[in-house]
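Before any comments, here is the structure.
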Amino acid sequence: MEVHVNPVQPQIDALPAFSDNYVWRFTSADGTWLVDPGEPRLVASALHDSPALAGILITHHHADHVGGLAALPIDSSVRVIAPHDPRIGRASERVAEGDEVDCGGLRFNVWEVPGHTSSHIAFLATDIVFCGDTLFSLGCGRLFEGSPAQMHASLTRLASLPRTTRFYPAHEYTEANGRFALEVDPGNQDLQRYLQSVRSKRQREEASLPTSLAVELDCNPFLRCHSDSVKQSVEARQGHELISELEVFAALRQWKDVF
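In UniProt numbering, the protein residues as written are 1 to 259.
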């Protein structure tokens, strides 16, 4: 499937929510769009200096991604686009793999990317991906409902996009993920340089996101299960040889869960 090419790239703003969430905001021809609004008071106040709310994109059902829906000024003119999951209320449109979404002239493809949850989706347009909790910078989501095979397949698919693709995850986890990544891949100089840059941004209270696929392919251990350095590190922890990339990924995810 080809990803839509939009003639004009939107300005995308990060609205910090809770302790480490981001609600992503962009403006199109029909107004303001929000991605995964979890905190209602913050999001409602953010709309005061923006065009009227046109729509909301939802990647999955967790409360820190949908908690703001009940309190937002949603009427019949506001589109709420979500996966086919009854746990997400107030959705006006349900989308699945292969569907297309037109957000005021900005067109997105829908990909199903299960693993973190069973119904998780991502919205893709040109070099933009709203990926929710599937891919984080230097990490990936916990497997709450999906299997290692599902998450590995979802990440492999996202990793097939052009290296210039920009990912907009829903959490500021980069620095914490980096500590684990260095434990797994301590000799990775690209990772060392990137993490130094991330730490500088966080000290200035700047977002580390979005991230690029180029950075993640070079630095994120969950996208590097094929590399000798990651494989050897995981095998050393497991105490035996791992035959496939999926085995490496599953053991790596288990390691991160207790790190």
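We treat Cβ as the ideally placed atom computed from N, Cα and C, and that holds for glycine. These figures come from a predicted structure and were not determined experimentally.
One or two residues paired with residue i in a DSSP bridge
i, result
"Phe108", "Val101"
"Phe26", "Ile12, Trp33"
Integer-rounded CB distance, given that residue j should sit under 8 angstroms from residue i
i, j, result
"Asp64", "Arg142", "The Cβ separation is near 13 angstroms, so there is no contact."
"Phe249", "His152", "5 angstroms"
"Val110", "Asp99", "4 angstroms"
Where residue i sits in the DSSP three-state scheme
i, result
"Glu93", "strand"
"Cys219", "helix"
"Thr32", "strand"
"Ser118", "coil"
"Thr126", "coil"
"Ala54", "strand"
"Thr134", "coil"
Cβ of residue i within 8 angstroms of any chain B Cβ
i, result
"Phe18", "No chain B is part of this structure, which consists of one protein chain only."
Where the alpha helix (DSSP H) containing residue i begins and where it ends
i, result
"Ala251", "245 to 257"
"Gly178", "174 to 184"
"Pro40", "40 to 46"
"Asp228", "228 to 238"
Separation of residue j from residue i, as counted between CA atoms
i, j, result
"Glu245", "Cys225", "5 angstroms"
"Val23", "Ala170", "7 angstroms"
"Gly132", "Gly239", "34 angstroms"
"Ile243", "Ala149", "14 angstroms"
"Ser154", "Pro10", "25 angstroms"
"Ser76", "Ala96", "22 angstroms"
"Gly55", "Gly67", "15 angstroms"
"Ala251", "Arg163", "26 angstroms"
"Trp255", "Tyr173", "17 angstroms"
"Cys140", "Arg94", "25 angstroms"
"Thr126", "Leu195", "27 angstroms"
"Ser92", "Pro83", "11 angstroms"
"Gly115", "Ala122", "12 angstroms"
"Ser160", "Cys219", "16 angstroms"
"residue 279", "Gly178", "Residue 279 cannot be examined here, being either before or after the span of the chain that is shown, 1 to 259."
Where the beta strand (DSSP E) through residue i begins and ends
i, result
"Val80", "79 to 83"
"Arg166", "166 to 169"
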